[in-house]
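Working notes for the structure below.
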């Protein structure tokens, strides 16, 4: 573990990571498929977060883009490591990241002024330390997941709907395990849920998990035969953020 460092030393650790990865192509040196959060952003990219690292996925979603993974601090300046969840609203172009009792709002990869802010002050009824969040195309509502329950959030009233939280499999999310590590809606209109090294593809139109799932995240999303976790020297580069 490195001692507490200043933000301007992030460049040094980027160079250290590049030396460790050599070609810096995650196709050849695969990372673990256990995500803290995964989200799309207004620039059209998809990012997966793991500890203090972030990986940008290729447009096909089958590989990690060349040059990744990178320290979160080098791509999303001001965003802490070890996130709880991430959420993207396409109609506003804003991406939200949640950690503990705070949230961060980004435009693309730029932190908006005035953030972070308190979850309780702006997302009434949403608890701290959530596991995952996603906008579901089945009804356009935003859902938050924590443990074995989920919350349906109403953007018009800026609060969780009455009757929530509710348990998995009650009215929705049948076939999904709990807890969930991460979730997001991809460009194909389907929602993906990640738990451990596996993921589930949820068919929003039929309101169920697609047959044949779960699958292995590293094999299907990262183009790997098996995962090869990052060394301890590169895991916590931005832990001080």
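Residue numbers (this note's numbering): 479 to 719. Glycine included, every Cβ here is placed at the ideal spot set by N, Cα and C.
Open item on the list: Taking 7 Å as the limit between beta carbons, can you name the residues of its chain near residue 651, skipping five residues before and five after?
Closed with: 628
Task: Inter-residue spacing [alpha-carbon to alpha-carbon] between residue 507 and residue 641 - done: In this prediction, residue 507 has a pLDDT of 40, which is less than 50 and means its spatial position is unreliable; nothing more can be read from the coordinates.
Open item on the list: According to DSSP, residue 748 sits in a beta bridge with which residue or residues?
Closed with: Nothing about residue 748 can be read from this structure; the chain reaches only from 479 to 719.
Open item on the list: Going by DSSP in three states, residue 681 sits in which element: helix, strand or coil?
Closed with: strand
Task: Run of the beta strand (DSSP E) containing residue 570, from where it starts to where it stops - done: DSSP places residue 570 in no beta strand (DSSP E); its state is neither H nor E.
TODO: Indicate the three-state DSSP secondary structure (helix, strand or coil) for residue 552 in the structure shown.
DONE: helix
Open item on the list: Buried or exposed, going by whether 16 or more other CB atoms sit within 10 Å of the CB of residue 514?
Closed with: buried
Task: Residue range of the unbroken alpha helix (DSSP H) whose run includes residue 598 - done: Per DSSP, residue 598 is one residue of the alpha helix (DSSP H) stretching across 597-600.
Open item on the list: Let's see if you can read the secondary structure: which residues bound the beta strand (DSSP E) around residue 742?
Closed with: Here the chain has residues from 479 to 719 only, and residue 742 is not among them.
Open item on the list: Using only CA atoms, which one of 693, 664 and 698 lies nearest to residue 682?
Closed with: 664
Task: Spatial distance of residue 531 from residue 601 (CA atoms) - done: 27 Å
Open item on the list: Just to confirm before moving on: does the CB-CB distance between residue 597 and residue 576 stay below 8 Å?
Closed with: yes
- [ ] Look up residue 669 in the DSSP assignment and say whether it is helix, strand or coil.
- [x] strand
Task: Helix, strand or coil at residue 538 according to DSSP, with G and I counted as helix - done: coil
Task: First and last residue of the uninterrupted alpha helix (DSSP H) at residue 696 - done: That run of the alpha helix (DSSP H) goes 695-698.
- [ ] My understanding is that residue 511 touches residue 669, with C-beta atoms under 8 Å, so please give their C-beta distance in whole angstroms.
- [x] Actually they are not in contact, since the Cβ atoms of residue 511 and residue 669 sit about 17 Å apart, beyond 8 Å.
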